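Colleague: Here full-length UniProt numbering is used: the first residue of the sequence shown is 1, the next is one more, and so on. We treat Cβ as the ideally placed atom computed from N, Cα and C, and that holds for glycine. A quick note: this is a predicted structure, and the numbers were derived from the prediction, not measured. Below you'll find the structure I mean.
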Amino acid sequence: MSSHGDPIPMTSRKGGPLTGEAHVPGDKSISHRSLILGALSVGETRITGLLEGQDVLDTGKAMRAFGAEVTDHGGGEWTVHGVGVGGFAEPDQVIDCGNSGTGVRLIMGAMATSPITATFTGDASLNARPMGRVTDPLALFGAQAFGRDGGRLPMTIVGASDPVPVRYTVPVPSAQVKSAVLLAGLNAPGETVVIEKEATRDHTERMLAGFGAELSVEETEEGRVITLNGQPELVPQTIIVPRDPSSAAFPVCAALLVEGSDVLVPNIGLNPTRAGLFYTLQEMGADLTFENMREEGGEPVADLRARFSPEMEGIAVPPERAASMIDEYPVLSVVAAFAKGRTEMRGVKELRVKECDRIDAMAKGLRAAGIEVEEGEDWWVVHGRGHGDVPGGVTVESRLDHRIAMSFLVMGLATQSPMRVDDGGPIATSFPIFEELMTGLGAGLTRSN
């Protein structure tokens, strides 16, 4: 069932070309961080273009519960009156983060070094996801975690009354873990150091610096070393949220697969730690170009133009690129099904612990739709059949995962027979206008009973 109500079965089918402009929502990663850092600042932060998906709205509710004044002025315009670093009040209610792994892990970090206690829960998908990767480093600051079933939500975090700074090497590439540790380090005296062996999305570092934190980043033999001086007074900001590259992936990939399509996706953030999918598609032979390249709010931005690309070929995606496109592998695997030959994806074990096991979910659905897939613990290979030769015609499980649902709905726009997902409800967590946007481009997308 859907994370926020009854299941919403959806069907997609082949139709005419996709044309026009696709104005996707604001970047989810930056939206979460804007609300949290605004709440940790002293004064009013103004946010334009906030993603108003359920995941981000749940983070806004959480910031209110911790004492910040969060106001929706309509049209993506929000303000946050913050309480300052170390100023969080103890919430008098359970913090429900819905479907959002990013939200819950960042919020845990933000409160873990304050002498307060908070209990976190989520939907069935989030409550099944492991939290030890975050609670283990938070324990080094002095925080305590009491969870269910080996470190899962519902979970109570008792913040450190006398936090100490830490030096922590992130064991697997994870922007969520890195960010949680940095946010915890804000209220610890002295220097907190995070070392990551592989670079992950760096929005937290960029935004912390923008809010006035003293932070440095150095490339060393150990890896990427981030040093944060604790207990700053963060300065409120005016933030224009760029549009989300992870959401842009869906209309872009759909345009590449649907005959005759030509779609412009404006104002997409191309932070190099997020844009791996688009370079991968170009290497596969996609007719995908970056127009009007510029910088906004310290982030590179461009308009993406995607045109029908029937001659794409499979490639071996460089494993070191995985962190920059980890959320886009499901829809990349759909594109790979229509490319010629073998697309190899390695270094992707993080996909096993997302909203669901995304490798398993996509592999099962692709096989049912007529595509050969091989898989291992941290790799998978899709054997593409080429444009026009993908059967489709099956119903797949979304598993409460928004990206699984959207990926298979994109697939159905180019398969020989329609594709159906059992529940499109989770799409609202990250891309609430997906159905409206795609049908506006001409996609054959319908709700089905």
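When you compare the segment 169-181 with the segment 145-156, are there three or more beta-carbon pairs, one atom per stretch, that lie closer than 8 Å?
Modeller: Verdict: no, contact absent.
Colleague: Which residues mark the beginning and the end of the alpha helix (DSSP H) in which residue 452 is found?
Modeller: A question about residue 452 goes unanswered here, because the residues of the chain that appear run from 1 up to 449.
Colleague: Report the partner residues of N229 according to the DSSP bridge assignment.
Modeller: The partner list for N229 (beta bridge, DSSP) reads E191.
Colleague: Under 8 Å: does the beta carbon of V252 sit that close to some heavy atom of the ligand SAM?
Modeller: Ligands in the displayed structure: none, and consequently the ligand SAM is not present.
Colleague: H81: which of L35, S31, K28, I195 sits nearest, CA to CA?
Modeller: Ranking L35, S31, K28, I195 by Cα distance to H81 puts L35 first.
Colleague: Just verifying my parser: in three-state terms, what is the DSSP assignment at I268?
Modeller: DSSP places I268 in strand when its eight states are reduced to three.
Colleague: CB-CB under 8 Å to P115, same chain, minus the five flanking residues each way: which ones, in chain order?
Modeller: Result list for P115: G159, A160, S161, in chain order.
Colleague: Flag this pair as yes or no: are the beta carbons of D58 and C97 separated by less than 9 Å?
Modeller: Yes. Within cutoff.
Colleague: For residue 468, does the three-state DSSP call read helix, strand or coil?
Modeller: No statement about residue 468 is possible, as the shown extent of the chain runs from 1 to 449 and does not include it.
Colleague: What three-state label does DSSP hand A255 in the structure shown?
Modeller: Correct three-state label for A255: helix.
Colleague: By the DSSP assignment, the beta strand (DSSP E) with I240 in it spans what residues?
Modeller: Per DSSP, I240 belongs to the beta strand (DSSP E) from 238-240.
Colleague: Sorted by chain position, which residues of the same chain lie with C-beta nearer than 6 Å to M438's C-beta, five sequence neighbours on each side aside?
Modeller: Result list for M438: L445, in chain order.
Colleague: Among the residues of its own chain, which have a CB less than 7 Å from the CB of E259, if the five just before and after it don't count?
Modeller: Only P17, F308 meet the Cβ criterion.
Colleague: With a threshold of 16 other CB atoms inside 10 Å of the CB of A295, please say whether the residue is buried or exposed.
Modeller: Ala is not the amino acid found at residue 295; the sequence shown has Glu there. The residue is exposed, with fewer than 16 neighbouring Cβ atoms inside 10 Å.
Colleague: If we require 4 or more residues per run, which alpha helix (DSSP H) segments fall completely within the segment 299-338?
Modeller: DSSP runs (the alpha helix (DSSP H)) wholly in the segment 299-338: 329-338.
Colleague: Comparing alpha-carbon positions, which option in L400, G425, V394 lies nearest Q416?
Modeller: Checked all of L400, G425, V394; the closest Cα to Q416 is V394.
Colleague: Our contact map puts S407 next to V334 with C-beta atoms below 8 Å; I'd like the distance itself, whole angstroms only.
Modeller: Their Cβ separation, rounded to whole angstroms, is 5 Å, which keeps S407 and V334 in contact under 8 Å.
Colleague: Can you give me the Cβ contacts of A139 inside the same chain, cut-off strictly under 8 Å, excluding the 5 residues immediately before and after it?
Modeller: Cβ within range, chain order: A145.
Colleague: So, for L366: in the same chain, excluding its five sequence neighbours on each side, which residues have a beta-carbon less than 7 Å away from its beta-carbon?
Modeller: Closer than 7 Å at Cβ, skipping near neighbours: S333, A337, V373, V382.
Colleague: So who's on the other strand from M155, going by DSSP bridges?
Modeller: F120, per the DSSP bridge assignment.
Colleague: Excluding five sequence neighbours on each side, which residues of the same chain lie with their C-beta closer than 6 Å to the C-beta of G53?
Modeller: The residues are T429, S430, P432.
Colleague: Would you be able to state if there are at least three C-beta pairs under 8 Å between the segment 302-317 and the segment 260-270?
Modeller: As far as the Cβ criterion goes, the segment 260-270 touches the segment 302-317, which means the pair count is three or higher.
Colleague: Would the beta-carbon of M63 fall within 9 Å of that of G84?
Modeller: Going by C-beta atoms, M63 is not nearer than 9 Å to G84.
Colleague: Which complete alpha helix (DSSP H) runs does the segment 23-92 hold, if anything under 4 residues is left out?
Modeller: As far as the segment 23-92 is concerned, its whole alpha helix (DSSP H) runs of at least 4 residues are 28-39, 54-65.
Colleague: By the three-class DSSP mapping on this structure, what secondary structure does L445 have?
Modeller: Note: L445 maps to strand in three-state DSSP.
Colleague: Starting from T204, follow its DSSP beta bridges and name the residues at the other end.
Modeller: Answer is none; T204 lacks a bridge partner.
Colleague: Could you check where the alpha helix (DSSP H) with F141 kicks off and where it finishes?
Modeller: Residues 132-141.
Colleague: Could you tell me the alpha carbon to alpha carbon distance between C253 and V410, rounded to whole angstroms?
Modeller: Each residue's Cα considered, the two are about 8 Å apart.
Colleague: Grouping DSSP H, G and I as helix and E and B as strand, with all else coil, what is G370?
Modeller: Reduced to three states, the DSSP call for G370 is coil.
Colleague: Considering only residues of the same chain and omitting the five flanking positions on each side of G60, which have a CB-CB separation below 6 Å?
Modeller: So the list reads L35, V70, once near-sequence residues are dropped.
Colleague: DSSP puts F290 in a beta bridge; with which residues?
Modeller: Paired residues: L304.
Colleague: Please report how far the alpha carbon of L228 lies from the alpha carbon of Q176, in whole angstroms.
Modeller: Straight-line Cα distance between these residues: approximately 16 Å.
Colleague: Go to S407, then tell me how far its alpha helix (DSSP H) extends in each direction, as first and last residue.
Modeller: Element bounds for S407: 402-412.
Colleague: With a threshold of 7 Å on Cβ separation, who are the neighbours of G285 within its own chain once the five nearest residues in sequence on each side are excluded?
Modeller: Excluding sequence neighbours, G285 sits near S309, E311, M312, E313.
Colleague: Using 9 Å as the threshold, is the C-beta distance between V104 and M131 below it?
Modeller: Result yes, Cβ atoms of V104 and M131 sit closer than 9 Å.
Colleague: Looking only at C-alpha atoms, which of D244, V241, E299, I326 sits nearest to G276?
Modeller: Looking at the Cα atoms, I326 is the closest of the given residues.
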